[in-house]
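Q: Just so we're aligned: 537 in our numbering is position 555 of the sequence shown, and the numbers increase by one with no gaps anywhere. The beta carbon of each residue, even a glycine, is placed where N, CA and C say it ideally should be. Please read these numbers as outputs of a predicted model, since none were measured by experiment.
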Amino acid sequence: MQNDTQNTPMTWLASCAKGLESLLADEIRHLGGEVERETHLGVIWRGDLALAYRFCLWSRLASRLLLPLQESQVDNVEELYETARNVDWPAVFPLKATFRIDFHGRTPFINNTQFGAQKIKDAIVDRFRDDTGNRPSVDKDGDIRIEAQLRKGKLFLYLNVSGESLHRRGYRLQPGKAPLKENLAAAILIRAGWPQLATQGGHLVDPMCGSGTLLMEAGMMAADIAPGLNRRKWGFESWKQHQHETWLAAVEEARQRRTAGLKAMSNRLYGFDIDAEQLNAANGNLARSALAGRIHFERRPVDQLRIQKETIEQGGLLVCNPPYGERLSELPQLAPLYQQLHDAAMGMPEWRLAVFTANVDLAKSIRRPLEKRYRLMNGKIDTQLLLFGAADERSSLPQPSMIRGPVEAFANRLKKNLKPLQKWARREAVHCYRLYDADIPEYAVAVDRYDDWLHVQEYVPPKSVDEAKAERRLLDVLAVLPEVTGVPAEQIVLKRRERQSGHKQYEKQNAEKHFFTVQEGQVKLRVNLKDYLDTGLFLDHRPTRLQIAAEAAGKRFLNLFCYTATASVHAAVAGAHCTSVDMSRTYLNWGRENFVLNGLAADAHDFVQADCLQWLKDCNERFDLIFMDPPTFSNSKRMEGVLDIQRDHVTLIRDAMRCLNPGGKLIFSTNLRRFDMDGDALKEFDIKNVSSKSVPFDFARRPNIHHCFHISYR
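Okay, here's the thing in structure tokens:
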């Protein structure tokens, strides 16, 4: 153990997030510490106890301050226990204090951190019992925190002097959505040069401020406020070497500096966001700090950013942490958001611009000179801080065409597809159709048009394709789609297509509701491009639905696996009585709404929530026209057993034909590309393969999109 004399320099380990080590070392030097070396764990430095207290109060970058207690080579559990037991624990903390163990690392003999922590706990308790006859208590919120690290065969034991992570300043009780840690926000500001700007009277704007972390940290820097001044609990409070008077002196000095700093502060700090909930969190955080009245939060979109002319002329920093597009569905809207950020920054052409992002490709919309970039980690997300200089001549030029480089092949193919498709769609009055379907293997997406919207589905790339390369291609696709199709980016929706199991395909993908109405033939249909995996309308079955409409007048129509009952709507408008069967209550309700949308009385028709396989076996009714489009595979919990359409289609067709009136027709369809109809097993029926006629013009490039058969009695 180290010397317990107050003024004797001691060795400390200050831990921090990856990428902040050099900044933290500079901070320690500025505080008066002697840096010994930087490591992947943080910074090892020397300083006395008074300096350690100042570090706890003033470090904006560290996560923890650790005091080394013991290190030793350990080759088995017994040696680990003995190493921990050899520490004079009664000299570290009193018997009445509770403690906890934070254990990190694994070896062949310790492969569970909970087991490792238990052995350290046993050693501490046994040492206390041997020395004092009593044992201290363990508590998850312990007064004393002991950190044990097992690295390369060595056990390192530390006293966690700071306690809970130093990024917890005490003001942020409402973190908001996807918040930055406070020490990462401080690092961004330091790298962006804010401390120097602040001392020169510069101002700061965050146009996408969220819960306000960047602004709060910037305000504390500008007002010379110690970030730890609001914290209520410290790890050293029950440490036997704690010098209460020395600590109080450090706190009093910080309070005096805060008072003077707030009085001298002339900087203006503005935070804008479109999310009212985020701004409520920001204002709540502000109210708990010493900066109330010093930061202005306002609900305002990026493209409406407004700052007083006088403030702009005085100079400052525009900094933000925009969305990265971690969720695939966010990507189409993010490209214009970054463009809006560029446009907003042009209102402050001389200001520095700092953008913290994990998606550098999106930041290409910002056409300012890029002066520096720094790699940082936001949790487990690899991110970059991009620092831009003042606007130059290129900055004010219109955004150049995005059709350049490899994506030009995709754009050209899309243009080639568009010309005949648009002509055909106008002639046939088709409002929803496919524009592109992985025509070029490198750009494996399907692009569908729904009136004035685009629905883009990314097919999951094989594992042989580099993930970063696949994402760049996807971003390129999203960048050129508005330019080629004329559909604005905010009306483009992106999803990823992959095999679904159970009823996952029925689940909502988002909490909001984004329905709108489209026209198909003589009917109106509700679609939703955002909230569900599918849109509510299978475009490749358009000819089949129109054929049903042409044949259904006066008939009893059965729609099995009906989905949103779009075929039933066509039949009902034509004059049929419809029975629609599906397992999903969500989609059956959607079907009812489609009926109401067309002036049909949904109660006059039958909507049945059931497993279609079992319902068919129990059915005693007869129908004149049956449409059946079962899933390729389903193992939903609501089903009895598992449906495999290749294996089960004979049984399924036989059960359906039992419900068909003489002279009636069963339309059987499947999207299994390699489907093989077992004609020998169904030879008593007349089976016509009409797949070529049922595939619409917009799917002609992929004629095996589905198989369709008309089945009747011989």
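When the Cα of G557 is compared with those of F543, N576, V563 and H587, which residue comes out closest?
A: Closest option to G557, Cα to Cα, is H587.
Q: Thinking C-alpha only, which one of V447, R656 and C641 is nearest L540?
A: C641
Q: Can you give me the Cβ contacts of L499 inside the same chain, cut-off strictly under 8 Å, excluding the 5 residues immediately before and after it?
A: Per the sequence presented here, residue 499 reads as Thr, with Leu not at that position. Only K506, L507, R508, V509 and L579 meet the Cβ criterion.
Q: Do you know how far the Cα of T365 is from the Cα of L179?
A: 24 Å
Q: Could you tell me the distance, in whole angstroms, from the CA atom of F679 to the CA atom of A450?
A: 34 Å
Q: Taking R684 as the reference, give the member of I126, R416 and Y514 with the closest Cα.
A: R416
Q: Taking only the alpha-carbon atoms, compute the straight-line gap between L300 and K675 and give it to the nearest angstrom.
A: 59 Å
Q: Hey, how far is the Cα of K490 from the Cα of V677?
A: In this prediction, K490 has a pLDDT of 49, which is less than 50 and means its spatial position is unreliable; nothing more can be read from the coordinates.
Q: Across the region 122 to 142 and the region 46 to 55, are there enough close Cβ pairs to call them in contact, namely three or more that are closer than 8 Å?
A: yes
Q: Work out the CA separation of D104 and I83 for me, nearest whole Å.
A: 11 Å
Q: Compare the Cα-Cα distances from L162 to each of G192, F218, C594 and L654 and report the closest residue.
A: G192
Q: Hey, would you say R707 sits closer than 8 Å to L368, going by beta carbons?
A: Any answer about residue 707 is impossible in this case: the structure gives the chain only from -17 up to 696.
Q: Are three or more beta carbon pairs between the region 211 to 228 and the region 279 to 289 nearer than 8 Å?
A: no
Q: Out of A160, V337, G183 and A264, point me to the one whose CA is closest to R154's CA.
A: A264
Q: Would you mind sorting Q260 into buried or exposed? The rule is 16 or more other CB atoms within 10 Å of its CB.
A: buried
Q: Under a three-way DSSP split, which group does F392 fall into?
A: Secondary structure at F392: helix, using DSSP grouped into helix, strand and coil.
Q: Work out the CA separation of V187 and Y488 for me, nearest whole Å.
A: Annotation note: pLDDT 41 at Y488 (below 50); position unreliable, coordinate value reported separately. Looking at the two C-alpha atoms, the distance is approximately 43 Å.
Q: Please classify D364: does DSSP put it in a helix, a strand, or coil?
A: Of the three classes helix, strand and coil, the one that applies to D364 here is strand, per DSSP.
Q: Taking the alpha carbon of R240 as the reference point, which residue from W221, A205, A269 and E219 has its own alpha carbon closest?
A: With distances taken between Cα atoms, R240 lies closest to A205.
Q: Between the region 520 to 535 and the region 567 to 574, do three or more beta carbon pairs fall short of 8 Å?
A: No, because fewer than three Cβ pairs between the region 520 to 535 and the region 567 to 574 fall closer than 8 Å, the two stretches do not touch.
Q: How many Å lie between L634 and H496 at the Cα?
A: 35 Å
Q: Can you tell me whether F75 is buried or exposed, with buried defined as 16 or more other CB within 10 angstroms of its CB?
A: buried
Q: How is E20 classed by DSSP in three states: helix, strand or coil?
A: Shown here, E20 sits in a strand according to DSSP, grouped into three states.
Q: On the premise that L244 lies in contact with A200, defined as a C-beta separation below 8 Å, what is that separation, rounded to the nearest angstrom?
A: In fact, because the Cβ distance is near 14 Å, the residues do not count as touching under 8 Å.
Q: Excluding sequence positions up to five away, which residues of its chain have a Cβ less than 7 Å from the Cβ of P(-9)?
A: R28, G29 and D30
Q: Please classify N(-11) as buried or exposed, where buried requires at least 16 other C-beta atoms within 10 Å of its C-beta.
A: The residue is exposed, with fewer than 16 neighbouring Cβ atoms inside 10 Å.
Q: Would you tell me roughly how many angstroms separate the C-alpha atoms of P402 and V429, rounded to the nearest one?
A: Straight-line Cα distance between these residues: approximately 16 Å.
Q: How about the region 67 to 81 and the region 144 to 153: do they share at least three Cβ pairs that are nearer than 8 Å?
A: no
Q: On the three-state DSSP scale, how would you describe Y545?
A: Here Y545 carries a coil assignment [DSSP, helix/strand/coil].
Q: Is it true that the CB of G15 sits closer than 8 Å to the CB of T80?
A: One thing to note: T80 has its Cβ no nearer than 8 Å to the Cβ of G15.
Q: Work out the CA separation of A471 and P314 for me, nearest whole Å.
A: 6 Å
Q: What residues are listed by DSSP as bridge partners for G253?
A: D188 and F279
Q: Provide the residue span of the alpha helix (DSSP H) that contains P351, from first to last.
A: Neither: P351 is in no alpha helix (DSSP H) and is coded neither H nor E.
Q: Measuring only the C-alpha atoms, how far is P177 from T228?
A: 28 Å
Q: DSSP three-state label for A373, please.
A: coil
Q: Sort V466, I128 and R111 by Cα distance to F85 and report the nearest one.
A: I128
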